[in-house]
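Here is the structure we will look at, set down as structure tokens.
Numbering (the working numbering), first residue to last: 32 to 180.
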């Protein structure tokens with residue numbers, strides 16, 4: 032375990048310290064003035080503050096969306112976050128999740144519909160091409176037979 036001075040840091044304090052250090056390193060790397068203090072979760076007051084923080088946090092989290100354990104992380108995070116919510120708050124969250132599910136299902140249905148249409152077009156094209164080929168081959172011989180027999 033890490034310690035700062037004589038007192039041990041909790042996991043939350045370690046994470047916050049790491050985030051502050053990462054933010055300071057990033058600001059230094061890009062030449063941003065060090066006196067610009069990044070807001071921590073404890074500093075958030077307004078709806079806009081919370082939304083801006085949520086945007087930054089979601090960007091950090093979704094960067095790892097392809098990792099094997101991403102779903103485990105998100106599921107665990109959601110379970111811990113919703114534990115203290117009221118029924119109304121949970122219904123709002125459920126509504127948001129359901130909208131995302133519905134949008135995903137709609138996209139999948141549209142993709143499936145496009146694939147079916149493309150397959151139908153290919154099938155029709157093949158049938159037309161086959162018929163044209165047969166007509167060309169058969170018509171030449173039929174015309175010859177009619178003309179000379």
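Note that beta-carbon positions come from the ideal geometry of N, C-alpha and C, so glycine has one too.
On a predicted model such as this, the values are computed, not experimentally measured, just so you know.
Measuring only the C-alpha atoms, how far is residue i from residue j?
| i | j | result |
| --- | --- | --- |
| residue 117 | residue 59 | 42 angstroms |
| residue 135 | residue 164 | 43 angstroms |
| residue 57 | residue 91 | 13 angstroms |
| residue 96 | residue 102 | 8 angstroms |
| residue 41 | residue 142 | 48 angstroms |
| residue 144 | residue 153 | 14 angstroms |
| residue 148 | residue 157 | 14 angstroms |
| residue 44 | residue 137 | 42 angstroms |
| residue 110 | residue 100 | 15 angstroms |
When you compare the CB positions of residue i and residue j, do they come within less than 8 angstroms of one another, or not?
| i | j | result |
| --- | --- | --- |
| residue 47 | residue 71 | yes |
Residue range of the alpha helix (DSSP H) that residue i falls in?
| i | result |
| --- | --- |
| residue 90 | 78-93 |
| residue 60 | 42-60 |
Once DSSP output is grouped into helix, strand and coil, what is the label at residue i?
| i | result |
| --- | --- |
| residue 116 | coil |
| residue 70 | coil |
| residue 98 | coil |
| residue 75 | coil |
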